[in-house]
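**Student:**
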Amino acid sequence: MSRDSTTKVLSVAFLLCVICSILVSAAAVGLSERQERNKVEEKKKTILQAAGLYEADRTIEEQFSKIETRLVDLQTGEFSSDFDPDTFDSRAAARDPETRYRIPEEQDLAAIKSRSRYKDVYLVMADDSLQQLILPVHGKGLWSTMYGFISLADDLNTVNGFAFYEHGETPGLGGEIDNPSWKKQWPGKKVYDATGKTRIEVLKGTVDKNSPDAIYQADGLAGATLTARGVGNLLKYWMGENGYKPFLDKLKVSGVTQ
Ligand SMILES: Cc1cc2nc3c(=O)[nH]c(=O)nc-3n(C[C@H](O)[C@H](O)[C@H](O)COP(=O)(O)O)c2cc1C
Numbered sequence: 002m003s004r005d006s007t008t009k010v011l012s013v014a015f016l017l018c019v020i021c022s023i024l025v026s027a028a029a030v031g032l033s034e035r036q037e038r039n040k041v042e043e044k045k046k047t048i049l050q051a052a053g054l055y056e057a058d059r060t061i062e063e064q065f066s067k068i069e070t071r072l073v074d075l076q077t078g079e080f081s082s083d084f085d086p087d088t089f090d091s092r093a094a095a096r097d098p099e100t101r102y103r104i105p106e107e108q109d110l111a112a113i114k115s116r117s118r119y120k121d122v123y124l125v126m127a128d129d130s131l132q133q134l135i136l137p138v139h140g141k142g143l144w145s146t147m148y149g150f151i152s153l154a155d156d157l158n159t160v161n162g163f164a165f166y167e168h169g170e171t172p173g174l175g176g177e178i179d180n181p182s183w184k185k186q187w188p189g190k191k192v193y194d195a196t197g198k199t200r201i202e203v204l205k206g207t208v209d210k211n212s213p214d215a216i217y218q219a220d221g222l223a224g225a226t227l228t229a230r231g232v233g234n235l236l237k238y239w240m241g242e243n244g245y246k247p248f249l250d251k252l253k254v255s256g257v258t259q
């Protein structure tokens, strides 16, 4: 067979394709465990960051050992021992008919259609008393579902921190939700007013610091109104009556021993 024959060229090209696809598949399979581990680490890091506890020079495992994971049943508003909180996967549970709650359209502020009946929550304790409570939240932005954590102080109303660990918004536009200068406005904001109404919101522009409502409000993102609106909506959903509010109301009365 001549070196330049069509059959030979096609055979070499085919062989090259087979070799490359084997290499790519092997890399994908070989690295999937590490990718999974990195995802779990990133989630734990965001929990620590939301709580203001993250220190770059210490291992995540060591820092996370201070945090207690519990499971909440959003239907009863109480802690639950129906599943192991350390292995519970609330994303999978949102798809499982046994644990899924389909959100009625008129309540679906976060545009997520369904959520798990149970949620993993994270407690920072000191001498048997709750210092911080970190809650997972998620909802639709412009392009993606944004996953993050909000940390509340021991009054279960003051925000200690708020950070996302996964989203697909555009870097430089919606991706500015990760910008430290946007994130630093959250600590000190209040979620509920004196009547218990969920007031936390993201504005289209900037917050008027002299307004009595400023304590509930965060600045929007210029050029990324849709992402910012998504953030405000997901906070309203998760901190509202159909999210964590019934649980937080009970927790304020009975404490973490319930
Ligand atoms: C390539 C591209 C990517 C965009 N990414 C985002 C985004 O991640 N988040 C967002 O809210 N708007 C994004 N926008 C802009 C929206 O289409 C829309 O114009 C914007 O949210 C309006 O915000 P503004 O009223 O602050 O200008 C993007 C636009 C383009 C062309």
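If you're matching positions, the sequence shown starts at 2 in our numbering and goes up one per residue.
Quick reminder that beta carbons are idealized off the backbone N, C-alpha and C, glycines included.
In the DSSP assignment, what residue or residues form a beta bridge with glutamine 186?
**Tutor:** According to DSSP, glutamine 186 bridges with nothing at all.
**Student:** Rounding to the nearest angstrom, what Cα-Cα distance links asparagine 243 and tyrosine 102 in this structure?
**Tutor:** Answer to the nearest angstrom: the Cα atoms are 11 Å apart.
**Student:** Mind checking proline 137: buried by the 16 CB within 10 Å criterion, or exposed?
**Tutor:** Classification of proline 137: buried, given that the 10 Å Cβ count is 16 or more.
**Student:** Within 10 angstroms of the Cβ of threonine 199, are there 16 or more other Cβ atoms? Answer buried if so, exposed if not.
**Tutor:** Buried.
**Student:** Compare the Cα-Cα distances from tyrosine 245 to each of Ala93, Leu134, Ser182 and Asp58 and report the closest residue.
**Tutor:** Comparing Cα-Cα distances from tyrosine 245 to each of Ala93, Leu134, Ser182 and Asp58, the minimum goes to Leu134.
**Student:** For phenylalanine 65, does the three-state DSSP call read helix, strand or coil?
**Tutor:** Residue state, collapsed to three classes: helix.
**Student:** Determine whether the beta carbon atoms of glycine 149 and tyrosine 166 lie at a separation below 9 Å.
**Tutor:** Contact flag set, yes.
**Student:** Pick out whichever of Glu79, Pro247, Ala225 and Asp74 has its Cα sitting closest to the Cα of alanine 95.
**Tutor:** It is Asp74.
**Student:** Can you give the Cα-Cα distance for leucine 72 and arginine 92, rounded to whole angstroms?
**Tutor:** Rounded to whole angstroms, leucine 72 to arginine 92 spans 14 Å at the Cα level.
**Student:** Which two residues bound the contiguous alpha helix (DSSP H) that contains arginine 200?
**Tutor:** First-last for arginine 200: undefined, no H or E at that position.
**Student:** When the Cα atoms are used, what is the spatial distance from serine 33 to serine 22?
**Tutor:** Those two C-alpha atoms are separated by around 16 Å.
**Student:** Between threonine 228 and leucine 143, is the Cβ-Cβ spacing less than 9 Å?
**Tutor:** Yes; because the gap between Cβ atoms is below 9 Å, this pair is in contact.
**Student:** Looking only at its chain, what residues have a beta carbon closer than 6 Å to the beta carbon of leucine 235, apart from the 5 residues adjacent to it on each side?
**Tutor:** Within the same chain, leucine 235 has close Cβ partners Ala111, Val138 and Gly140.
**Student:** Can you give me the C-alpha to C-alpha distance between tryptophan 239 and valine 13, rounded to a whole angstrom?
**Tutor:** Those two C-alpha atoms are separated by around 57 Å.
**Student:** Beta strand (DSSP E) containing alanine 95: first to last residue?
**Tutor:** That residue, alanine 95, is in no beta strand (DSSP E); it is neither H nor E in DSSP.
**Student:** Here's the rule I'm using: 16 or more other beta-carbon atoms within 10 Å means buried, otherwise exposed. How should asparagine 161 be labelled?
**Tutor:** Per the 10 Å Cβ criterion, buried.
**Student:** To the nearest whole angstrom, what separates the beta carbons of isoleucine 216 and lysine 191, a pair I think is in contact under 8 Å?
**Tutor:** Confirmed, Cβ separation roughly 5 Å.
**Student:** Looking at ligand 1, does it come within less than 8 Å of alanine 111, judged from the CB to the closest heavy atom?
**Tutor:** No; taking the cut-off as 8 Å, the Cβ of alanine 111 has no heavy atom of ligand 1 nearer than that.
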